[in-house]
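Each residue of the sequence shown is one higher than the one before, counting from 105 in the numbering used here.
We treat Cβ as the ideally placed atom computed from N, Cα and C, and that holds for glycine.
From a predicted model like this one, the values you see are computed outputs, not experimental measurements.
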Amino acid sequence: WSIWLWPEGGNGAQYEFTSTDDFGQVAEIVLDGKYDKAGIIIKGTDDWSKNVDGDRYVELTEEVTHVWLRDKDEKVYLEKPLRLDQEPLTITDFSIDSFTEANVKVNKNISLEDFIEDYNLTVNGESIKDKVESMTVVNGTDEETKQIKITFKENLNLEDTIHLKVNLFNGEENVALEADSRIGKVISDPKFDELFYYDGTLGAIYSKGETEFKLWAPTSKQVNLLIFENGEVVKTIPMTRGDKGVYTYKLSGDQLGTEYMYEVHVNGKVNRAVDPYAKAVTVNGERGVVANPKPTDVPRPVGKDMKNPIIYELHIRDYSIAENSGMKNKGKFLALTEKGTKADNGQMTGIDYLESLGVTHIQILPMYDYASVNEASDKPQFNWGYDPLNYNAVEGSYSKDATKPFLRIEELQDTIDAIHNKGMGVIMDVVYNHVFDPARHSFEYVVPGYYFRQDDKGGFLGGTGVGNETASERKMMRKFIIDSTKYWVETYKLDGLRFDLMGTHDYETMNMVYEELVKINPNIFILGEGWNMDMGISEDLRATQKNAAKMPKLSFFSDDIRDGVKGNVFTATDPGFVNGKSGQESYIMQNIKGGQGLQGYVSASQVVQYVEAHDNLTLWDKLEITNPDDTEETRLKMHKLATSIVMLAQGTPFIHAGQEWARTKGGDHNSYKSPDSVNQFDWDRVLEYKDNIDYFRELIKIRKAYDVFNLKEYSQINKVFKEISKSNDLVSYKLENGDKDLYIAHNASRESREFEVENGIYKVLVRNQKANSLGLEELQVQEGVVEVAPLSTLVLVQKVEEETE
105 WSIWLWPEGG NGAQYEFTST DDFGQVAEIV LDGKYDKAGI IIKGTDDWSK NVDGDRYVEL
165 TEEVTHVWLR DKDEKVYLEK PLRLDQEPLT ITDFSIDSFT EANVKVNKNI SLEDFIEDYN
225 LTVNGESIKD KVESMTVVNG TDEETKQIKI TFKENLNLED TIHLKVNLFN GEENVALEAD
285 SRIGKVISDP KFDELFYYDG TLGAIYSKGE TEFKLWAPTS KQVNLLIFEN GEVVKTIPMT
345 RGDKGVYTYK LSGDQLGTEY MYEVHVNGKV NRAVDPYAKA VTVNGERGVV ANPKPTDVPR
405 PVGKDMKNPI IYELHIRDYS IAENSGMKNK GKFLALTEKG TKADNGQMTG IDYLESLGVT
465 HIQILPMYDY ASVNEASDKP QFNWGYDPLN YNAVEGSYSK DATKPFLRIE ELQDTIDAIH
525 NKGMGVIMDV VYNHVFDPAR HSFEYVVPGY YFRQDDKGGF LGGTGVGNET ASERKMMRKF
585 IIDSTKYWVE TYKLDGLRFD LMGTHDYETM NMVYEELVKI NPNIFILGEG WNMDMGISED
645 LRATQKNAAK MPKLSFFSDD IRDGVKGNVF TATDPGFVNG KSGQESYIMQ NIKGGQGLQG
705 YVSASQVVQY VEAHDNLTLW DKLEITNPDD TEETRLKMHK LATSIVMLAQ GTPFIHAGQE
765 WARTKGGDHN SYKSPDSVNQ FDWDRVLEYK DNIDYFRELI KIRKAYDVFN LKEYSQINKV
825 FKEISKSNDL VSYKLENGDK DLYIAHNASR ESREFEVENG IYKVLVRNQK ANSLGLEELQ
885 VQEGVVEVAP LSTLVLVQKV EEETE
């Protein structure tokens with residue numbers, strides 16, 4: 105065996121065992137930096153055979169200097185455990201795995217005959233032994249087994265905890281063992297949803313005369329409503345179990361602002377849980393708060409721009425936190441409401457700058473309540489926010505005062521209103537695919553095992569890469585996602601949602617989300633990451649790019665154009681079309697035509713065209729790595745060329761905030777928790793690269809001026825799109841546009857290239873790293889060819905007769 109260890113945010117490596125002690129084999133590992141968490145696999149030295157099915161993880165604190173692992177045991181021990189051969193005989197699990205089946209697991213071999221000879225099963229002290237139909241061995245023989253399946257004659261009541269008591273022979277004596285049942289794989293049985301699916305309203309339902317609290321907890325024996333004052337419980341109120349396992353209680357009087365939690369008695373434990381549907385929370389999301397948010401009177405923008413998004417992705421803190429940003433509410437929601445702000449150097453900042461770009465939609469990184477930033481601290485903290493805590497509450501670290509639960513709601517609404525007043529839409533980044541800490545999340549506290557996909561041993565599956573994945577295919581998780589997205593879109597008047605790791609979800613859920621949201625906002629735009637990862641549902645059910653035909657109204661990030669233009673994001677030195685890789689012309693043309701023939705797309709409206717986003721290297725940093733010997737001037741040409749390809753392609757263009765000024769993060773490819781010095785907007789660089797920004801603004805104007813850039817159906821595109829050339833690092837084509845045909849060429853060569861154009865008079869819209877939607881100059885073509893400068897884009901539009909006159 106060897107060890108494969110990867111620190112979170114760092115690189116994985118293989119390490120060998122170098123000695124032994126009285127416990128087993130020993131390895132010493134020194135990491136190359138300070139990390140919070142590491143993953144561990146015990147693998148074959150020369151292959152990837154593993155000694156347990158899942159991955160192990162360890163939190164890295166200053167106190168954690170030693171870790172013990174045991175063969176066939178997924179647990180990570182921070183204190184030295186007994187060797188497996190030294191452990192006493194114990195019951196390791198007693199799980200209800202179907203409505204008529206339970207499984208008992210022990211840590212050492214026993215015989216079925218010994219088990220049957222002296223056991224009892226009780227519920228509330230009453231024996232249910234007469235309800236047992238049979239006992240069989242799982243994976244073993246009647247004489248030697250570690251698992252026994254108990255089959256019952258009739259369906260079990262899942263509210264009941266079954267107590268098992270058994271005397272087993274171990275060595276030279278009988279050992280009395282006891283265990284309480286837990287809800288196991290029965291939770292994922294489709295019959296569970298049939299019995300317990302509830303389609304009504306959940307959460308704290310407010311009215312001035314009373315508030316009704318409703319919690320879905322079908323496997324719990326009891327639920328109490330806890331009322332808090334000054335952080336202490338002042339009332340413990342038993343709730344009433346109703347239809348489908350929903351517990352309710354009506355608390356009279358005006359409860360607006362009342363702090364509450366639920367006390368859930370389930371699986372032999374008592375869990376305190378924040379209401380999964382809480383619309384407001386206290387600092388750090390510790391308790392729910394009764395709230396009644398209402399939409400504001402400011403209308404959403406309407407019109408052509410809302411149907412043809414040009415998306416600009418930003419992070420609330422990034423945008424305003426710089427000392428010289430000129431915004432007063434640095435790092436807060438309200439910074440985006442401030443008008444007339446300027447940096448110390450005179451550069452326009454704030455919402456005025458965003459408006460000046462001409463983008464149609466501002467996509468904001470997560471702004472629901474997330475776990476990784478301490479809202480009670482004034483110290484500088486940064487995180488992207490992809491670690492959900494309370495899905496329906498607003499993140500407090502972006503508020504001027506996180507101790508006021510309603511203030512953050514008002515501030516976010518004011519911010520969205522300000523963006524709407526500027527004629528731009530707002531897209532919210534949502535992360536329903538995983539949570540920060542599944543074992544301590546309300547989902548798991550309230551209905552253990554239901555909301556997350558699990559392996560056969562009850563462990564969380566981790567296809568998301570962060571140790572858990574939610575089970576959208578289960579009806580109540582699906583309902584939660586639909587209810588939550590409807591709440592956000594209604595209350596905050598959102599214009600779109602960006603789904604993180606959308607491929608984790610099932611396509612049926614995603615279609616239902618769209619169907620519900622389009623009723624609220626006819627222009628709703630839903631996009632997501634359709635990556636096909638190793639998830640706990642079959643590939644044909646996943647909301648991935650390959651299944652795009654099953655989700656015709658949804659859009660997907662295109663890694664094809666991203667990697668084709670600049671090179672693979674997972675190999676920093678790998679170049680693409682603009683930075684030196686040859687033979688990419690046909691692939692780039694295919695992407696420009698809206699990704700036809702790639703993945704499972706059925707229309708260009710499903711394709712989000714981009715070369716840079718918040719994660720991975722920025723485009724500028726990528727170019728510095730792939731082309732270190734080129735001058736800055738040359739790399740700037742490559743940068744503009746890459747942006748031009750995205751902005752002029754069929755599909756939806758997506759721009760990472762700062763791409764317009766060649767944003768750098770100093771080579772940090774994963775700045776999710778890096779300091780402000782890495783992530784903040786550099787307003788001095790904004791001014792320095794003014795020409796880049798002007799170029800970007802004009803590309804947007806050009807795209808908006810010609811509807812032929814926003815065709816949705818492939819049949820429409822193929823009628824007007826005429827390929828001219830795709831060789832010698834040149835991609836050129838014609839867009840037939842009535843009497844104003846457009847000719848477009850992207851030259852990735854270090855030399856000038858020519859392509860064929862009909863003779864006539866043209867306005868030059870883009871040429872030699874300059875752009876102007878009204879025309880840079882006129883060009884008369886007499887020889888049927890036009891020259892394209894090295895590393896540049898050329899756009900020509902035919903002049904009609906009256907324009908010539």
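| Looking only at DSSP bridge pairs, what is Leu272 linked to? | Reading the sequence shown from its first residue, position 168 is the one you call residue 272. The partner list for Leu272 (beta bridge, DSSP) reads Val279.
* Roughly how many whole angstroms lie between the Cα atoms of Val168 and Ala131? -> Counting from one through the sequence shown, the residue named residue 168 turns up at place 64. Counting from one through the sequence shown, the residue named residue 131 turns up at place 27. So the two alpha carbons sit approximately 15 Å from each other.
*Put Thr908 into one of helix, strand or coil per three-state DSSP.*
The sequence position of residue 908 within the sequence shown is 804, counting from 1. Confidence at Thr908 is low in this model, with a pLDDT of 47, below 50, so the placement of that residue should be treated as unreliable; the coordinate-derived value is given next. Reduced to three states, the DSSP call for Thr908 is helix.
ask   = Quick one: is Pro413 buried, meaning 16 or more other Cβ sit within 10 Å of its Cβ, or exposed?
value = Numbered from its first residue, the sequence shown carries residue 413 at position 309. Buried: at least 16 other Cβ atoms inside 10 Å.
For this session: Taking 8 Å as the cut-off, decide whether the C-beta atoms of Met528 and Thr464 are in contact.
Result: The residue you call residue 528 lines up with position 424 of the sequence shown. The residue you call residue 464 lines up with position 360 of the sequence shown. Going by C-beta atoms, Met528 is nearer than 8 Å to Thr464.
Quick one: Cα of Leu898 to Cα of Val711, how far?
The residue you call residue 898 lines up with position 794 of the sequence shown. The residue you call residue 711 lines up with position 607 of the sequence shown. When rounded, the distance between both Cα atoms is 24 Å.
Supposed contact pair Glu499 and Asn537 - C-beta distance, whole angstroms, cut 8 Å:
To locate residue 537, count along the sequence shown from 1; it is residue 433. To locate residue 499, count along the sequence shown from 1; it is residue 395. About 18 Å separates the two Cβ atoms, so there is no contact after all.
Review point. Under the three-state reduction of DSSP, which class applies to Tyr596: helix, strand or coil?
Key: Here residue 596 corresponds to residue number 492 of the sequence shown, with the count starting at 1. It is helical.
Along the chain, where does the beta strand (DSSP E) containing Pro111 start, and where does it finish? Stepping through the sequence shown from its first residue, residue 111 is reached at position 7. Segment Ser106 to Pro111, the beta strand (DSSP E) holding Pro111.
### Query
Candidates Asn243, Ile692 and Thr362: which alpha carbon is nearest Gly335's?
Along the sequence shown, one-based indexing puts residue 335 at 231. Minimum Cα distance to Gly335 is reached at Thr362.
Q) Which residue spans inside the segment 437-515 form an unbroken beta strand (DSSP E) run of at least 3? A) 465-468, 472-474 and 492-498
Report the rounded CA-to-CA distance for Leu878 versus Val904, giving the unit in angstroms. Working through the sequence shown from its first residue, we reach residue 878 at position 774. Working through the sequence shown from its first residue, we reach residue 904 at position 800. Each residue's Cα considered, the two are about 14 Å apart.
Within the same chain, show all residues whose beta-carbon is closer than 8 Å to that of Asn487, passing over the 5 residues directly before and after it, in chain order.
-> Residue 487 sits at position 383 when you count from the first residue of the sequence shown. Cβ neighbours of Asn487 beyond the five flanking positions: Tyr474, Ser476, Val477, Tyr776 and Lys777.
> Where does His524 sit, in a helix, a strand or coil, going by DSSP?
Replying inline: Start at 1 with the first residue of the sequence shown, and residue 524 comes out as number 420. His524 falls in the helix class under three-state DSSP.
- request: Pick out whichever of Ile252, Ser202 and Val327 has its Cα sitting closest to the Cα of Leu260.
  value: The residue given as residue 260 occupies position 156 in the sequence shown. Leu260 has its Cα closest to that of Ser202, out of Ile252, Ser202 and Val327.
**Item:** In chain order, each alpha helix (DSSP H) run of at least 4 residues that lies wholly inside the segment 166-228
**Value:** 216-221
| message | On a Cα-Cα basis, can you pick out the residue from Arg871, Asn863 and Asp422 that is closest to Gln884? | response | Within the sequence shown, residue 884 is the residue found at index 780, counting from 1. Here the closest residue by C-alpha is Asn863.
Scan the segment 815-895 and note each continuous alpha helix (DSSP H) run of 4 residues or more that stays entirely inside, going in chain order.
818-824
Between which two residues does the beta strand (DSSP E) containing Tyr611 stretch? The residue given as residue 611 occupies position 507 in the sequence shown. Taken as a continuous stretch (DSSP letters only), Tyr611 belongs to no beta strand (DSSP E), being part of the alpha helix (DSSP H) at Tyr611 to Ile624.
Can you give the Cα-Cα distance for Val622 and Val406, rounded to whole angstroms? As a position in the sequence shown, residue 622 is number 518, starting the count at 1. As a position in the sequence shown, residue 406 is number 302, starting the count at 1. Whole-angstrom Cα-Cα distance: 14 Å.
Could you tell me the alpha carbon to alpha carbon distance between Lys526 and Tyr457, rounded to whole angstroms? By 1-based counting over the sequence shown, the position of residue 526 is 422. By 1-based counting over the sequence shown, the position of residue 457 is 353. If I take the Cα positions, the gap works out to 11 Å.
Q: Classify Val889 as buried or exposed, calling it buried when 16 or more other Cβ atoms lie within 10 Å of its own Cβ.
A: Here the question's residue 889 lines up with position 785 in the sequence shown. Its Cβ having fewer than 16 others within 10 Å, Val889 is exposed.
Complete runs of the beta strand (DSSP E) confined to the segment 107-154 [at least 3 residues]: 117-120 and 141-147
Check: Going by Cα to Cα distance, which pick from Val593, Tyr591, Ile630 and Gln451 is closest to Phe603?
Finding: Sequence index remark: in the sequence shown, residue 603 carries index 499 (1-based). Phe603 has its Cα closest to that of Ile630, out of Val593, Tyr591, Ile630 and Gln451.
Problem - Spatially closest choice to Gly910 from Ile641, Ile624, Val617 and Pro626, by CA coordinates - result: Because the chain spans 105 through 909 in this model, residue 910 falls outside it and cannot be assessed.
Determine, using beta-carbon pairs with one atom in the segment 541-559 and one in the segment 290-300, whether at least three such pairs fall under 8 Å.
yes
(message) For Met693, report the span of its alpha helix (DSSP H) as first-last.
(response) For the purposes of this step, residue 693 is taken as the residue at position 589 of the sequence shown. Met693 -> alpha helix (DSSP H) spans Glu689 to Ile696.
| request: Name the two residues that bound the continuous alpha helix (DSSP H) containing Asn796. | output: Stepping through the sequence shown from its first residue, residue 796 is reached at position 692. Where Asn796 is concerned, the enclosing alpha helix (DSSP H) stretches over Lys794 to Ala809.
message: At the level of alpha carbons, what is the spacing between Leu702 and Ala647?
response: For the purposes of this step, residue 702 is identified with residue 598 of the sequence shown, where counting begins at 1. For the purposes of this step, residue 647 is identified with residue 543 of the sequence shown, where counting begins at 1. When rounded, the distance between both Cα atoms is 16 Å.
State whether the segment 790-804 contacts the segment 643-658, with contact taken as three or more CB pairs (one from each stretch) at a distance under 8 Å. no
* Asked: What is the DSSP secondary structure of Ala308, reduced to helix, strand or coil?
  -> Start at 1 with the first residue of the sequence shown, and residue 308 comes out as number 204. In this structure, Ala308 counts as strand in the three-state DSSP scheme.
task = With a cut-off of 8 Å on the beta carbons, I'd call Ser748 and Leu803 a contact; round off their distance for me.
result = Here residue 748 corresponds to residue number 644 of the sequence shown, with the count starting at 1. Here residue 803 corresponds to residue number 699 of the sequence shown, with the count starting at 1. Contact holds; Cβ gap of about 6 Å.
In the DSSP assignment, find the unbroken alpha helix (DSSP H) run with Val782 in it and report its ends. Reading the sequence shown from its first residue, position 678 is the one you call residue 782. Residues Asp780 to Asn783.
Can you give the Cα-Cα distance for Phe127 and Trp105, rounded to whole angstroms? Translated into positions along the sequence shown, residue 127 becomes position 23. Translated into positions along the sequence shown, residue 105 becomes position 1. Cα to Cα, the separation comes out at about 15 Å.
Where in the segment 720-773 do unbroken runs of the alpha helix (DSSP H), each at least 4 residues long, occur, reported from the N-terminal end onward? 723-730 and 736-751
**Q.** Any alpha helix (DSSP H) of 4 or more consecutive residues that is wholly inside the segment 283-356
**A.** 294-300
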